[in-house]
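Undergrad:
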Amino acid sequence: MTDTAPATTPQTPEEQFAYFHSRRELAVVQPQGSLALTTTQVIDTEQTVWGVPGRWAPRTDGGSGVLLTASASDGIEVDGETVDGTVEVRGKDDPNPSSIRFSDTVSGFVIAQEGGLYAVRIFDAQSEAIEAFGSIDAFPYDPSWVVTADWSVNPEGTTLGFEHLKDDGQTREEVLPGRITFTRDGVEYDLAAFKSGRALQLVFADATNGESTYSVGRFLFVAPNADGTITLDFNRAVLPPCAFSYAFNCPLPPKQNRFPFAIEAGEKLPLTKDGSPLH
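Written as structure tokens, this is what we have:
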């Protein structure tokens, strides 16, 4: 007689949503989660960085990242080695990016910026925002906001300029792999989503923004289906990182991604332990 594993009951969509939401709340309080980010500082000349020791300067050889000068007494580790002198700190765009450790709770890394510059990001696992955080408020699961849209591939090289929150109206060109189209109430929507890792990132706004949801907009990460459709499950709409920390610079919804109706699904706002808005 052989033992057989008990059959597992497939999760309902509501249970899947509850699990997704719990994972989101866990992610934002991680040591380098959205609530831990305290500083993003562009290194355009030799300078100090707020809240941490050392002096930081652009690289002059065209390589990825920045230069850090510190003494051993500063206690900074780059890639596991204590800094005593000047070292290169490689950016996230390098195949082997550097890690930075300032203390048991404070860490960092370097990211590429527009125009060839780099910025230092500082994270504090015991930030004020993490200490104050209670939950992410969200709408109850609603199956009517699971939308099946059509997907078509764009010609290679198709791009669109996305404005970012802190870029003073300047745009950054992002590659658009394809078109997402669907019809609601007799109106056709043709959406722009750019590539984000293995997924597509849809940056959108709707009539809830500034009322029940974050004023800037929200994100939805999606992927095409094999049958030429793409599923937009707005229950999984998430708040952008800038809803959790002002040190982020988030992309803004382009004109075609601004819905005139209210999408009462997905995340609303980050809340403190007493239930008030975090920001």
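Numbering (the numbering used here), first residue to last: 196 to 474.
The C-beta atom is built at its ideal place from N, Cα and C for all residues, glycine as well.
1) I need the DSSP call for residue 269, collapsed to helix, strand or coil.
2) I need the straight-line Cα distance from residue 465 to residue 262, nearest angstrom please.
3) State yes or no: is the C-beta of residue 419 within less than 8 Å of the C-beta of residue 340?
4) Say whether the stretch 301-321 touches the stretch 408-425, bearing in mind that this needs 3 or more beta-carbon pairs closer than 8 Å, one atom from each stretch.
5) Hey, quick one: how far does the alpha helix (DSSP H) through residue 391 stretch, first residue to last?
6) Less than 6 Å between C-beta atoms, sequence neighbours within five positions excluded: which residues of the same chain meet that for residue 213?
7) Just list the residues that DSSP pairs residue 446 with in beta bridges.
8) Residue 342 and residue 397: beta carbons closer than 8 Å?
9) Out of 451, 209, 472 and 217, which one is the CA nearest neighbour of residue 382?
10) Pull the bridge partners of residue 420 from the DSSP assignment, please.
11) Are the stretch 430-441 and the stretch 368-378 touching by the rule of at least three beta carbon pairs closer than 8 Å?
12) Would you mind reading off the limits of the beta strand (DSSP E) that contains residue 331?
13) Please name the residue, chosen from 458, 422 and 447, that lies closest to residue 361 on a Cα-to-Cα basis.
14) Given residue 344, which residues of its chain have a CB within under 7 Å of its CB, disregarding the five upstream and five downstream residues?
15) If I follow the unbroken alpha helix (DSSP H) through residue 217, where does it start and stop?
16) Pick helix, strand or coil for residue 196, following the three-state DSSP scheme.
17) One question on the structure: do residue 314 and residue 238 come within less than 8 Å of each other, judged by their Cβ atoms?
TA: Put simply:
1) The residue labelled residue 269 in the question sits at position 74 within the sequence shown. For residue 269, the three-state secondary structure derived from DSSP is helix.
2) As a position in the sequence shown, residue 465 is number 270, starting the count at 1. As a position in the sequence shown, residue 262 is number 67, starting the count at 1. Spanning the two alpha carbons is a distance of roughly 36 Å.
3) Numbered from 1 along the sequence shown, position 224 holds the residue referred to as residue 419. Numbered from 1 along the sequence shown, position 145 holds the residue referred to as residue 340. Not in contact: residue 419 and residue 340 (Cβ atoms no closer than 8 Å).
4) Not touching, per the Cβ criterion.
5) Taking the sequence shown and counting its residues from 1, the one referred to as residue 391 is at position 196. First-last for residue 391: 382-391, but that is the beta strand (DSSP E), not the alpha helix (DSSP H).
6) The residue you call residue 213 lines up with position 18 of the sequence shown. A distance below 6 Å between beta-carbons, with the five flanking residues on each side excluded, links residue 213 to no residue of its chain.
7) Looking up residue 446 in the sequence shown gives position 251. Residue pairing by DSSP puts residue 446 in a beta bridge opposite 359.
8) Walking along the sequence shown from the start, residue 342 turns up at place 147. Walking along the sequence shown from the start, residue 397 turns up at place 202. Going by C-beta atoms, residue 342 is not nearer than 8 Å to residue 397.
9) As a working mapping, residue 382 is identified with position 187 in the sequence shown. Taking the Cα of residue 382 as reference, the smallest distance to any Cα among 451, 209, 472 and 217 is reached at 451.
10) Translated into the one-based positions of the sequence shown, residue 420 becomes position 225. Paired residues: none, contrary to the question.
11) Too few Cβ pairs lie closer than 8 Å, so no.
12) Here the question's residue 331 lines up with position 136 in the sequence shown. The continuous beta strand (DSSP E) containing residue 331 extends over residues 328-333.
13) The sequence position of residue 361 within the sequence shown is 166, counting from 1. Comparing Cα-Cα distances from residue 361 to each of 458, 422 and 447, the minimum goes to 447.
14) Residue 344 sits at position 149 when you count from the first residue of the sequence shown. Once the five neighbours on either side are set aside, the close Cβ partners of residue 344 are 375, 376, 377, 424, 425 and 427.
15) Reading the sequence shown from its first residue, position 22 is the one you call residue 217. From DSSP, the alpha helix (DSSP H) with residue 217 extends over 208-222.
16) On the sequence shown, residue 196 is found 1 positions in, with the first residue counted as 1. Model confidence at residue 196 stands at a pLDDT of 47, short of 50, so the residue's coordinates are unreliable; what they give is reported in the following sentence. DSSP places residue 196 in coil when its eight states are reduced to three.
17) Here residue 314 is taken as the residue at index 119 of the sequence shown, counted from 1. Here residue 238 is taken as the residue at index 43 of the sequence shown, counted from 1. In this structure, the beta-carbon distance from residue 314 to residue 238 falls below 8 Å.
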